[in-house]
Amino acid sequence: MPENVIQDSTSIQPHAEKTSKLANIYKFRELGLLAFIIILSIAVQLRNSSFLSGENINDMITNTAILSILALGMMLVLVTRGIDLSIGSTIALSGMVAAQTVSTYQSLHPILVILLGIVIGMVCGAINGVLIAKIGLLPIIATLAMMNIFRGITFKISGGEWISSYQMPESFVSIATGTTFGINNLIVIAIVIYLLFFYIINHTRTGRQIYAVGSNPDSAKVSGIKEGRILLLVYAIMGGFAGLSGVLWVSKFASAQGDTASGYELTVIAACILGGVSIAGGSGKISGIILGSILLGILNNALPLLNVSPFWQTGIQGLIILVAVIINTLVKRGVDRNNLMRRKI
Amino acid sequence: MSDYVLELKGITKEFPGVKALDNVHFKLKAGEIHALMGENGAGKSTFIKVITGVHAPNEGDMFLNGEKVQFTNPKDAQKKGIAAIYQHVTNYPDLSVTENIFMGHEKIQKGTKRLLWKEMHKEARAFLQDLGSSIDPKSEMGSLSVAQQQIVEIAKAISTNAKIIIMDEPTAALTARESEELYKITERLRDQGASIIFISHRFEDMYRLASRVTVFRDSKYIGSWGVNEITNDQLIVAMVGREITQVYPTKKNKISEKLLEVRNLGKMGYYADISFTLHKGEILGLTGLVGAGRTEVCQSLFGITSYDRGEVYLKGQQISVKNPKSAMNLGIGYLPEDRQLQGLVLDWGIGRNITLPALKDLSSKGWLNEKKESTLAKKLAEKVHVKATSIFDLVSSLSGGNQQKVAVAKLLTADLDIIILDEPTKGVDVGAKSAIYEIINDLAAQGYGIIMISSEMPEILGMSDRIVVMREGRITKVLDKKDATQEVILEAAMSEGKEKEVG
Amino acid sequence: APSSGGSSSEGGAEEGSASNKYAFVFKNTGNPYGEKMMDGFKSAVEELGGEVILRSPDQPTAEGQIQIIEQLITQKVAAIAIAGNDQDALEPVLKKAMDQGIKVLSVDSAVNANSRHIHVNQANPERIGRIQIEAVSEMISGEGQIAILSATSQATNQNLWIEWMKKELEKPEYSKIELVKVAYGDDLRDKSVSETEALLKSYPDLKAIIAPTTVGIAAAGKVLTDKGLQGKVKLTGLGLPSEMASYIESGVSPWMYLWNPIDVGKVAGYTAHALVEGSIKGEVGDTFEAGDQGSQEVVEDGEGTQIMLGDPFKFDADNIAEWKDVY
Amino acid sequence: MEQRTSLDQQGYIHRDLLDKKDFSLKRFFLQWEWMLVIILFAVMIINSNLSPYFLNYASLRDGTMIFLDKAFIVFPMAMIMILRDIDISVGSTVALSSVVMATMYNSLGVPMELAVVICLAVGALCGFINGLLIVKFKELSAVIVTLGTMILYRGIAYVILEDQSSGTFPEWFGFFGWGYVFGIPFILILFIIMAILFGILLHKTTFGRQIFAMGKNPTASRFSGVKVDRMKMIVFTLAGLMAGLTALFLASRMGSTRPNVANMYELDVIAMAALGGISTAGGKGKIIGTVIAVFIIGYLQYGLGLINIPAQTLLIVVGALLILAVAVPKIKLPSFMKRK
Ligand SMILES: Nc1ncnc2c1ncn2[C@@H]1O[C@H](COP(=O)(O)OP(=O)(O)OP(=O)(O)O)[C@@H](O)[C@H]1O
Ligand SMILES: Nc1ncnc2c1ncn2[C@@H]1O[C@H](COP(=O)(O)OP(=O)(O)OP(=O)(O)O)[C@@H](O)[C@H]1O
Ligand SMILES: [Mg+2]
Ligand SMILES: [Mg+2]
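In the order they appear, the protein sequences are chains X, F, V and H. Going by the numbering used here, the first residue of the first sequence is number 38, and it counts up by one from there. Going by the numbering used here, the first residue of the second sequence is number 706, and it counts up by one from there. Going by the numbering used here, the first residue of the third sequence is number -19, and it counts up by one from there. Going by the numbering used here, the first residue of the fourth sequence is number 33, and it counts up by one from there.
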């Protein structure tokens, strides 16, 4: 029913309440995805009962932690209508430098190594940011080019060598394997970052400005938001996360190579997309990317558990990703339709 | 202290290739509502953006309470108590109403820098209620109707405690009734001590609200008058540079056989039981409040959206319109409501825009004949009197009225029987308006059947042969020209009819 | 196929052999195993007075190698030694090279017999396969479930080795050993980790994992270490000493195998030289002196010929320390 | 420029609109494509100074052959980018169509001629499915859909061939990848033909005009009677078809195929299109630009390969070139170099 905007508020009250309840359901845009994940989990559990065991869930979350950190950064980038294809290379670069550093300075404190990785990543991200925000290159082109450049640099500085676990001090390897309060450090780091960014995104001015820039860049200008600075910030954050992930990655696998995380950017983007982040910018929620990352994590974990032929795994993953986004779309459409049905004409 | 809260002297603003403002003056007294008028492209919006610091002027000075100021960005202006509601939507569709209101001056806890959501929601609700609206501050901006968004924009201006509020064509998207509410709000703001600059192409707005009026023409300052010091005709001359004797041209059209018959058309959630007829040479006015469903009905006839019930007959034959192309092949054309989004390719030239619907006729076996294209484009652009130098001028460089003329010219490429015009004069100045009316009348005289959607009462009354009134997705009244009065139409558009669940 | 259309063989069959350039094309760049092999190749060729070109594509693809080989043909090198990313896909371009008088040999990962003069085989696949089973049997005292974690690739000899492992398992002395699954980690760290974890969960009684791939064995070593399964689940296979050093020292993998890529590279260098000099033709029975690698003989290999190096080398806690810094 | 004005019967100022553009030398030479030509020349000159092997007919001819396969996809990708979309499934489409072709011929005994047709058909079908999904689920953007099908198509290729390669095609099939006509590589001839066809399609036909219109303003195009859905499906199908063509050349060049060929081709193709002046912001670009860009990247890689530059340096050089080429005009000539 059309709302005649300026009306005495009494006559419109009940109607407004009704729509806002519907709107609340609609607001949880990842409803379809959540349902999909639950059904998938049940199906997997029926086939292999160790799936929902504590140990497996722990493994699954540990393995998904890095992905989810990256997805958070990518969400911010996507929200500003951008994309970052260079993160796989940034991961490799920061991981390689960090590994080389610890192999030389064995006694370096892990926190410093993490900081080093973050700084390297932020520099990479800031380069992207300058190209995009200051020079005005399209994100996809700028980051595509930097993807090549960062990867090339990684190969150069590694000189074709890998850094192996025996060269890494125990303190470094335990970044990824150690626990805090009985929880794996990777999970702890991811949770801390998520809490921090939940706060930044939803409760600080800068966080909201990121969404404003993505939602309508022109009005952002009119509101006096410095678009360039926001973009720079977002790419620097993405880079910082990639740098951090590089350290975590190398620590987790106890090996640093030139081709680490090659092509991983697409996995990260897939997690965001599954989580309902819009490529067109402006919208994307933390709850969504958590679900998106979890779905990918489940796929990576469950397919081997189900004894699926390795040659079918890629195909099944692609199919499930497609089906999941399509189901989510259909559910959203259903909610919209439902809203319409209830409208009185 | 000066007499004027705001004074601008000798403002010049150039864009590459365009001088949008040429040595313009303006004075705003405390507590007045000052109308700013002028043709499309006269430079009004640009002027506003200079005031608010969006554009830096090339020359000229600005004084605030007698004190010289220079804004380098909109925030400076905001801090000095200037707020603007811009002509084109400048909101954030993905963000909540509260955020839209407080963007740029959020409430922040000192120290932690945390946003105080609760306070902001509460305050936003209060602002909106103050404006007589019950919009939920937590709802998403994009889900609101245009009029609701307008209210939010006003709430935003109020929320900054602005002393100077500028409204750039706030009534363009509103109906008479909604405009009336806006007038009241505006007056209340004035009574509370704000000074207001009000831009509009509607004379009603000016007479109803303003005490002074300033006119720009072709980027130049023409003059300022007290509203009572100047006659309507003088004002028009000031704006257009010539006299317009008659806004609504005399009719020359002859109504003959039935062209279109719509029977019981319905689309779940949008409209229901729509039945009407259209004859050759007839101008059928379609009116109602904003959101009454007029656009939806017409877009269904044009194949943009589907309908799920009812039949459409063209010259006695039942037709089904699958897409706009098939509608055009059947002889139905549609001039969209939003010309920038739906009507035109803004950074294309005039010529290419005009020929876009007719490419098939301009090509043999898909091969485009550019010579033929230029000829046709030139012919049609001249036919609707587009003001430009060549058919390669970018449409984005044209004023609103001229853009609309280009959009109309597009319709003339096809071999049509029926032309649907959706708010053809929205945001168009008087001069262009009367030109567009002239074109519409010509078309009717040539035997086109015309459906004209309009929310402007005088236009509907002045132009239509018959009038269909819609309310909440249903037709409430069909009137002959001779029976139509403002009161009858308003009543049909607003009275509470019985409601039925559709679905 | 390369000769269809006509004019591709200009440049002359004889002209190429006048050149003194020896090229080595590895699978991809940034791989220490490959770097070491190239080091060996380089030292051998330079000792013989040749000029060396070392190339690898940035991704391990046949497409990338084809481009490089075209460039090498244009440069009229004397010989190309290649670790193929695909058995068959390089055939047309390598045939074109051979048509122009360039000597072609594959190293480490063979290309098919049509596309090479000879293959330098780092170790006997039958021995590699059998020795793994012997090792695992010894580690688990001849009883229990085992699994294989492989890559999934055509370029390497993984499948051949696995076949030999299965053949070896048919022997009666291994009747109590059960091969429960062959998993594929795609030579990706993260995937190999997931696959290993899945193996451990699906087969709680698993006694040992054989991972005949360098990435896979290191990933498996990491998982076993992290899960504290050292001693419970044994690990062996083919791995880089540097990557595996910590797991061998900690006992997660009591021992594992590999050959010395430097030596493989050297032999490839001497072989290339011998081919170019014409002292061998790549036919069965040819023999030549391969510097410090001793005398080598060309033997049969399916439809083609090859030079077979010895058994894989065993790395264990006693010798790993001296190798981990080498490669 | 004289301005002819008159008053018509209603007293409007009536202007005669010009319908011919006068030729401006400045505008002609300030086109992006000239910048590309200059870069191409620079690359050629540098290369011939670097390597004595570069500048001779046989070298250029064979050098050209090896980088052209994926270049066919650049044309439809340019169209897709003009539509403000992107297709990242083309690499997987190449893999799937070549794998199906090889399986048809090698395992199912289908004659090779038919298998070739099937290869193209499978490519087109993959593209068609992309188009269909994009059109049916408008809420999803093309990136999302093609990201899904990228994984799916490659997955299907793995299901078909597992980890095997499938090869041994008939002798004549080698002609695609290695054949010459009058001493010119067949692939080059076909590439030029395709460039001309796509150039005409995009710049001289109603179809092309509608593509540009959709890129600039899809809504207005729809309201103007452009069948936007159908256009999209056609363009994505064309992308699939060209991927099928690439599959032919690739399979022919390698004499076999396997599921992991053409990995990440999409990124190379996008880079070529971007260098060629196709803007992913939509509505802009010329086929000739993409053609020059293909040769720039191709010869750059080939030339540096001839002096045996390591692959990692090549990565850096190509990345830097891409950045410089798109950044330089933005920095120096903001108002003129805008392509129009
Ligand atoms: N932003 C919106 N959100 C939800 N419903 C809307 C929105 N805008 C319009 N509607 C509904 O859609 C239906 C049709 O709107 P439509 O725009 O066709 O009406 P209209 O009479 O043409 O109005 P207008 O004068 O604005 O063109 C109405 O019932 C209206 O309530
Ligand atoms: N950013 C810009 N770049 C170039 N030209 C511009 C820009 N903004 C406005 N113009 C041009 O400046 C002139 C004045 O435009 P402006 O929007 O101020 O007119 P207006 O009086 O508000 O018209 P309307 O009544 O249609 O809103 C027009 O010719 C317009 O095309
Ligand atoms: Mg304006
Ligand atoms: Mg409407």
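We put the beta carbon where it would ideally sit given N, CA and C, even for glycine.
Chain F contact residues for residue i, given Cβ-Cβ distances below 8 Å
i, result
"X:H240", "R819, L820 and W822"
"X:A449", "It is not possible to answer for residue 449 of chain X, since the shown part of chain X is limited to 38 through 382."
Cutoff 7 Å; reference residue i; Cβ partners in own chain excluding five residues on either side
i, result
"V:I46", "L70 and V73"
"X:T216", "N222"
C-alpha gap between residue i and residue j, whole angstroms
i, j, result
"F:V1193", "F:T1181", "11 Å"
"F:I1125", "F:L1040", "6 Å"
"V:K212", "X:I155", "38 Å"
"X:E198", "V:L204", "25 Å"
"X:N375", "F:V759", "42 Å"
"H:S288", "H:M133", "10 Å"
"V:E280", "V:I128", "29 Å"
"H:S80", "H:V142", "46 Å"
"H:V358", "X:F73", "43 Å"
"H:A294", "H:S124", "7 Å"
"F:S924", "F:E1075", "35 Å"
"V:G274", "V:P292", "17 Å"
"F:G765", "F:V755", "10 Å"
"V:L140", "V:N65", "16 Å"
Per-residue contacts from residue i into chain H (C-beta, under 9 Å)
i, result
"F:Y1039", "F255"
"X:K369", "E171"
Beta-carbon neighbours of residue i, restricted to chain F and to distances below 7 Å
i, result
"X:V259", "V759, P779, Y791 and T795"
"X:N365", "The premise fails here: X:N365 is roughly 18 Å from chain F at the closest Cβ pair, so nothing lies under 7 Å."
Contact list for residue i against chain X, beta-carbon separation under 8 Å
i, result
"F:G809", "S260, G261 and I262"
Chain-ordered chain V contacts of residue i [CB-CB under 7 Å]
i, result
"H:R285", "I46 and P72"
Residues near residue i by beta carbon distance below 6 Å, same chain, minus five either side
i, result
"H:M67", "none"
"X:P39", "No answer about X:P39 holds up, because its pLDDT of 38 lies below 50 and its placement is not dependable."
"X:S140", "I200 and Q204"
"X:S208", "P147"
Contacts of residue i in chain F (Cβ-Cβ under 9 Å)
i, result
"X:A279", "Correct list: empty, because the minimum Cβ distance to chain F is about 26 Å."
Residues near residue i in its chain [Cβ-Cβ closer than 8 Å; skip 5 each side]
i, result
"F:V710", "L733, K734, A735, L769, N770, K868, I869 and S900"
Listed by chain order, chain X residues near residue i by CB distance under 7 Å
i, result
"F:I813", "R242"
In chain order, each beta strand (DSSP E) run of at least 3 residues that lies wholly inside the stretch 104 to 173 of chain V: 124 to 130 and 157 to 164
Entirely enclosed alpha helix (DSSP H) segments - the stretch 46 to 129 of chain H, minimum 4 residues: 57 to 61, 64 to 82, 89 to 99 and 103 to 114
The stretch 293 to 326 of chain X: positions lying closer than 8 Å to chain V by Cβ: Q294, G295, D296, T297 and S299
Contact set between the stretch 297 to 320 of chain H and chain X, restricted to residues whose Cβ is under 8 Å from the partner: L299, I302, A303, A306, S311, T312 and A313
Unbroken stretches of the alpha helix (DSSP H), 4 residues or longer, contained in the stretch 738 to 807 of chain F: 749 to 756, 779 to 784 and 802 to 807
Residues within the stretch 200 to 220 of chain X neighbouring chain V, beta-carbon criterion of under 7 Å: S201, S202, Y203 and T214
Against chain H: residues of the stretch 73 to 90 of chain X by CB proximity under 7 Å: none
Near-chain H residues of the stretch 1064 to 1078 of chain F (beta-carbon distance less than 7 Å), N- to C-terminal order: L1064, K1065, S1068, G1071, W1072 and L1073
Inside the stretch 252 to 288 of chain X only - alpha helix (DSSP H) runs reaching at least 4 residues: 254 to 259
Unbroken stretches of the beta strand (DSSP E), 3 residues or longer, contained in the stretch 1003 to 1053 of chain F: 1014 to 1019, 1022 to 1024 and 1037 to 1040
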